[in-house]
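Numbering (this note's numbering), first residue to last: 2 to 311.
In structure tokens form, the structure reads like this:
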């Protein structure tokens with residue numbers, strides 16, 4: 002069975018086309034990403050999706066529709082915090098449905114977290130006795146999921162994401178020590194609250210998923226700390242990469258760092274702030290990084306009939 006999934010995130014639109022079989026083996030046939038920040042999370046504005054971004058979104062979604070049509074695949078479109086928190090989300094959803102004839106499934110935070118975990122646990126093999134903490138950092142929110150093997154114990158979503166944090170603390174994308182201290186403090190308070198609600202469970206593995214973790218892993222690899230096929234990093238590795246990012250005060254300087262993706266250079270410090278706080282708050286020894294996340298989880302859920310997607 003072929004299924005396409007388009008994930009409308011806060012930082013970008015992610016599309017995958019995959020084939021799934023009865024054993025839930027996934028073969029990804031096509032994968033692409035387009036950076037488009039629908040919601041800038043500006044505290045001074047109404048956080049509405051503007052007309053120009055709507056037109057760009059229509060073009061991206063239409064392209065996904067055409068790809069799925071060529072492959073005779075069903076397309077599922079999901080949206081997370083950028084759309085979920087926009088004042089004009091209903092107008093955005095209705096315009097897309099009217100123009101393209103496809104529905105947008107707006108996921109609530111906890112629902113998003115469960116789908117992420119479903120995707121991650123299908124890629125990485127866990128025993129039923131392992132307590133897993135899966136952390137997924139997006140543009141607008143971070144999902145934190147505790148699980149025992151494939152079974153979810155607790156799932157939460159907090160309004161801390163790379164785009165949101167950058168918009169609040171360094172909207173011009175220039176950074177300094179005071180920004181780091183203030184942002185770290187605020188993020189730590191939010192994470193401490195999450196930690197307090199999950200006391201009694203001590204994870205044996207921490208799994209990072211989505212763009213921020215993949216970007217950090219790539220920087221560490223490019224700076225010769227890991228081989229190409231390794232999928233984890235500890236705090237010492239992370240800290241060396243963090244020092245490079247923190248000492249690069251502008252986007253232009255960050256783009257000179259080996260492994261930094263141009264499309265993420267502006268918000269990258271925010272991702273490092275969040276991961277730094279995660280290491281310290283949860284006492285993480287090392288993060289394993291999954292390349293599967295929400296999109297793969299949606300595909301599996303659709304195949305299993307677990308979610309009533311439009």
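Think of the CB as a built atom: it goes at the ideal place given N, C-alpha and C, for glycine as much as any other residue.
Fair warning: this is a prediction, and the values are worked out from it, not measured in the lab.
Short of 7 Å in beta carbon distance, which residues of its chain neighbour residue i, apart from the five on each side in sequence? Order them along the chain.
| i | result |
| --- | --- |
| residue 59 | 97, 100 and 101 |
| residue 266 | 252, 255 and 256 |
| residue 121 | 135, 208, 210, 291, 293 and 294 |
| residue 191 | 159 and 161 |
| residue 154 | 147, 148 and 202 |
| residue 181 | 247 and 274 |
Of all the options the options, which has the alpha carbon lying nearest to the alpha carbon of residue i?
| i | options | result |
| --- | --- | --- |
| residue 145 | 179, 94, 197 and 107 | 197 |
| residue 175 | 221, 137 and 255 | 255 |
| residue 65 | 54, 56 and 77 | 77 |
| residue 216 | 237, 163, 80 and 184 | 163 |
| residue 282 | 171, 236, 262 and 261 | 236 |
| residue 152 | 128, 92, 12 and 269 | 128 |
| residue 19 | 68, 108, 57 and 42 | 68 |
| residue 34 | 227, 272 and 212 | 212 |
| residue 88 | 262, 2, 302 and 48 | 48 |
| residue 173 | 4, 222 and 270 | 270 |
| residue 286 | 238, 244 and 272 | 238 |
| residue 13 | 2, 37, 42 and 30 | 37 |
What does a CB cutoff of less than 8 Å around residue i pick up in its chain, not counting 5 residues either side in sequence?
| i | result |
| --- | --- |
| residue 188 | 161, 166, 274, 275 and 278 |
| residue 177 | 250 |
| residue 84 | 9, 39, 40, 50, 90, 93, 94, 105 and 107 |
Would you kindly report the start and end of the unbroken beta strand (DSSP E) that includes residue i?
| i | result |
| --- | --- |
| residue 7 | 3-9 |
| residue 291 | 287-291 |
| residue 144 | 143-149 |
| residue 88 | It is not in any beta strand (DSSP E) - residue 88 carries neither H nor E in the DSSP assignment. |
Between which two residues does the alpha helix (DSSP H) harbouring residue i extend?
| i | result |
| --- | --- |
| residue 241 | 236-247 |
| residue 124 | 110-124 |
| residue 56 | 52-71 |
Excluding the five sequence neighbours on either side, which residues of its own chain have a C-beta within less than 6 Å of the C-beta of residue i, listed in chain order?
| i | result |
| --- | --- |
| residue 114 | 144, 146, 156 and 158 |
What are the residues that DSSP puts in a beta bridge with residue i?
| i | result |
| --- | --- |
| residue 34 | 15 |
Contact between the region 131-144 and the region 235-253 (3+ Cβ pairs under 8 Å)
no
Count Cβ pairs between the region 252-270 and the region 279-298 that sit closer than 8 Å; are there 3 or more?
No contact exists between the region 252-270 and the region 279-298.
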